[in-house]
Amino acid sequence: MTAVTLRNRRIWLGDEPHALLSGEVHFWRLDPLRWRDVLRQVRALGLDQIASYVCWDYHQTGAGAFDFTGRTAPQRNLTGFLDEVAVQGLHLLIRPGPYIYSEWANGGLPADAARVHRLHPDYRAAAGEYIAAVCEAIRPYLATRGGPIWLVQAENEPDPWPHIYEAQLGLGSTPGPFHDFLRALYAGDLDALNVAWETAYTAFEQARAVTAPGLEARGYTNRYLDFVRFRHWCTAEAVRWTAAQFRAGGIDVPLLANVYTTNGIQNWRELESICDVAGPDAYPTAGFRAPDEHRTFLHTLVYTCAYSALPCIPELQAGIWDGGQYAAGAITPNHYTLTALSALMAGIVGWNWYMLVSRDNWLMSPISELGHTRPNLYAAFAEIVRLFRAIDPPALERLASAAVTVDPLHQTARLPDRSSDVLRALYDADITLDAFDVEAGEQTAPLLFYAGGAWLSAAGQDRLLEFVRGGGTLVLFQEQPRQDDTLRPLLRFDLPLPTAILGAAAPQRLAIRLGDWAVSLSSPAFFVYGDVPGEPITAERIADEIPTGDELAVHVSLPVGLTYTIGWRQGIGAGQIVVLGVQPSPDLVAALHAWLNVPIPCRARTEHVHTALFRRGETFVLIAVNLSDEARHAVVDLDRARFAPGPWAVRDLRTDEVSVTHIRLSGAVTLHLPPRDGTILTLEPA
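Be aware that the sequence shown starts at 7, since it is given in the numbering used here, and climbs by one per residue.
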């Protein structure tokens, strides 16, 4: 028997390693006479892997009756398709659901099963019967038995859908799973619930949910946070039960879970602990044109890399559902390249293209239902595969100077805070980041930016303090954790409050002094401190960059030269914290790196260009993307200390052009980037 394991960010068949690079093919939506043609086009693309759902609703032919052999319709011949996959030498990620969504009625469920939520006994009875039947059909085709199936997906984007199953889940006036969850969360202590919620219930069954943030009151906010926790619990329980059913059915290959990209419903880390790997699905708009979309895409995937043994995207956009094109826009070949390079830049080491082969209700895939290629799209996918193979992402070490904090509960709750200001400043500064999960992650970068809210659990605050005492540097701007996750006061760092907060109708121009470094910025409001527990950081009011008319010339000059203490640097244990009472800017976060002597591995000087630097042995890999609608001749600064003296050969993997440069002398490389596109450079000693 050949074992299938996940190690070193790869899939291993016995002693044979593979990177995950796959494409979706829905066999039951294609003419079986075309299966072979379609799979051959997949192979010609350079792929040796595919994925496919199995649709419960389609394969169930009656009560307790299933067809997986094509007895009632040729398209139902799952085993025949698996035979053809094996003949073509392909590996398979099979996705039996039970939910599949996939633009199929009721998400792929028979109507009766869709009428109850995923934790309901009636749903589990029906789904359990289906899972047992599909396991029996696919078990002989598992890679552990010499077949093509090496991964099995448990569930699909699990979501309790509280707006649909409100009454059944106990979120309305009728008791349900929500009350069972609360009883477990508060260990049966009704008084503890009443204290947190500021209520006077006499029984858990009286509790009513708050499913959206509304009143800014501690009791209501805690009720909302407990609903968020319940939503995490529901999705985890759905995946836990489904995974257990697959294991009971003899599935002995790794299990995968997929989640929404928004990080708004599921706790991704928890789902990976239940299965073997969990990752987000990604469907960006054409060219990442939605506001903040590319930044959010990168940050989401960077977090995936922080928790996952195999950081991957189970569904990476290849086309769009019919109707979705009106919001996403026309997807061009360079969009696919931009998306793939951006994913690699974030540290992702593999993905499954959805849909590689088109079908009903799907547009803009590189391979048609007939097994024909769409030349411009197909060529783009072939190039991406070539680039992927050339750099071998699982073997690369991503070089980052800093990290940002991530708290799944905080991100899911989406209560008002200033975390996006921190993330946006770092993104605009083109600083490569890691993510630090404050509940369970490990932090290796020397510099950590707090990107959370005013509340953070005691465990999370303790981990931040542990990071600092261990020698790290923590930077906090105006948002600082002063409460625990029940909104009670908790000050692990015991930070003094500002003595004043100054602002005006227009942003104030400040010059901030950081040792030998000075940076100017505009801040709508800034904190002023009196006595500080460390080295003061000062700022001086400076003249506005925009000249003012004569009628206010004297007035606006009066504050110029005023100096304020707007923060401090303080040693704690072997490390330090830096507190700055201003909103962050790209120049400020870059200046902090210089002041704190933390080199930035790579950084583009050119606006709208974003980069990441990787290393494999003596070879460096630089990935760069251009988010502008115009071509860019970009200059990218490199950390000279990482490069040995002497000439370096710089090769553009897309054009195969080679130049020679002395990086220790120049400290930079230049490259040409088409609009909304990118490239990969390798840098090797010449």
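No residue lacks a Cβ here, since even glycine has one placed at the ideal position from N, Cα and C.
Expressed to the nearest angstrom, what Euclidean distance is found between the alpha-carbon atoms of residue i and residue j?
i, j, result
"H238", "L462", "17 Å"
"L383", "R82", "29 Å"
"W247", "Y309", "26 Å"
"V584", "V265", "35 Å"
"L175", "A209", "17 Å"
"A132", "Q272", "24 Å"
"M3", "Y171", "What is shown of the chain runs 7 to 692, which leaves residue 3 out entirely."
"P181", "R101", "33 Å"
"R229", "A198", "13 Å"
"D165", "V355", "26 Å"
"A288", "E30", "14 Å"
"V641", "L677", "7 Å"
"V245", "E163", "10 Å"
"V627", "P651", "18 Å"
"G325", "G103", "22 Å"
"V525", "A692", "38 Å"
"R420", "D43", "47 Å"
"W327", "R365", "10 Å"
"L196", "L177", "18 Å"
"D537", "P530", "23 Å"
"T291", "L12", "32 Å"
"L3", "A92", "Lying outside 7 to 692, the shown extent of the chain, residue 3 is not represented and no answer is given."
"D423", "Q47", "49 Å"
"Y129", "A506", "58 Å"
"S563", "A517", "15 Å"
"L493", "I17", "43 Å"
"Y192", "A284", "28 Å"
Let me check understanding here. Comparing Cα to Cα, which of the options lies closest to residue i?
i, options, result
"R611", "P592, L362 and L598", "P592"
"V474", "I548, I578 and L687", "I578"
"L19", "D258, V265 and I106", "D258"
"L453", "L405, R494, E172 and R424", "L405"
"G521", "A386, T505, R575 and Y64", "R575"
"D500", "I507, A506, T479 and L471", "L471"
"R139", "N367, T85, A655 and A284", "Correcting the residue type first, residue 139 is Ala in the shown sequence and not Arg. Taking only the C-alpha atoms, the option nearest A139 is T85."
"I106", "L148, C311 and Y360", "Y360"
"G225", "V566, A250, H185 and Y207", "Y207"
"L508", "A549, G70 and T571", "T571"
"N358", "W41, P565 and Q55", "Q55"
"A451", "N603, A512 and A25", "N603"
"T217", "A120, F387 and D232", "D232"
"L605", "P168, T8 and A408", "At residue 605 the sequence reads Pro, which differs from the Leu that was named. Looking at the Cα atoms, A408 is the closest of the given residues."
"L586", "G447, I543 and A202", "I543"
"F387", "A249, Q323 and H616", "Q323"
"P286", "T268, R295, L45 and Y64", "T268"
"T8", "G68, P183, G152 and E541", "G152"
"A149", "L261, D298, A396 and V122", "L261"
"Y486", "P565, T418 and G573", "First, the residue type needs correcting, since residue 486 is Gln and not Tyr in the sequence shown. Of P565, T418 and G573, the residue nearest in Cα terms is G573."
Can residue i and residue j be called in contact, C-beta distance under 8 Å?
i, j, result
"R235", "L415", "yes"
"T438", "A647", "no"
"Q514", "F533", "no"
"E495", "R15", "Residue identity differs from the one stated: residue 495 is Pro in this sequence, not Glu. Their beta carbons are not under 8 Å apart, which means P495 does not touch R15 by this criterion."
"G673", "L644", "yes"
"V666", "P653", "yes"
"W110", "C61", "yes"
"A465", "E445", "yes"
"Y456", "L480", "yes"
"F649", "L402", "no"
"L96", "I155", "no"
"H32", "S58", "yes"
"V696", "F483", "What the structure shows of the chain is the stretch from 7 to 692, and residue 696 is not part of that stretch, so it cannot be assessed."
"A202", "H185", "no"
Note down, one range per segment and in chain order, each alpha helix (DSSP H) of at least 4 residues found wholly within the region 400-435.
As far as the region 400-435 is concerned, its whole alpha helix (DSSP H) runs of at least 4 residues are 414-419 and 425-434.
The region 318-336 contacting the region 403-421, beta-carbon criterion three pairs below 8 Å:
Flag = no, the region 318-336 and the region 403-421 do not touch.
Enumerated in chain order, which unbroken segments of the alpha helix (DSSP H) with a length of 4 residues or greater are wholly contained in the region 103-130?
Those alpha helix (DSSP H) runs which fall completely within the region 103-130 and span 4+ residues are 117-120.
Measuring CB atoms only, is the region 671-684 touching the region 336-345, in the sense that at least three cross pairs come out at less than 8 Å?
Result yes; three or more Cβ-Cβ pairs closer than 8 Å.
Ordered list of beta strand (DSSP E) runs contained in the region 632-668, each at least 3 residues:
List check, beta strand (DSSP E) in window: 638-644, 654-658 and 664-667.
Segments of 3+ residues assigned as beta strand (DSSP E) that fall wholly inside the region 338-404
For the region 338-404, whole beta strand (DSSP E) runs of length 3 or above, ordered along the chain, are 356-360.
Beta strand (DSSP E) segments (min. 3 residues) lying fully within the region 139-173
List check, beta strand (DSSP E) in window: 155-159.
Stretch-stretch touch, CB-based, cutoff 8 Å, three pairs: the region 22-42 with the region 375-394:
Counting Cβ pairs under 8 Å, three or more are found: they touch.
Alpha helix (DSSP H) runs wholly inside the region 223-302, at least 4 long, in chain order:
Fully enclosed alpha helix (DSSP H) runs of 4 or longer: 224-254 and 274-280.
Continuous beta strand (DSSP E) assignments of at least 3 residues falling wholly in the region 304-328
For the region 304-328, the full-length beta strand (DSSP E) segments reaching 3 residues or more read 318-323 along the chain.
Where are the alpha helix (DSSP H) runs, 4 residues long or more, that stay fully inside the region 179-214, in chain order?
Within the region 179-214, the complete alpha helix (DSSP H) runs of at least 4 residues fall at 183-191 and 196-203.
Taking the runs of the alpha helix (DSSP H) that are 4 residues or longer, which of them lie wholly in the region 447-507?
464-475, all fully within the region 447-507.
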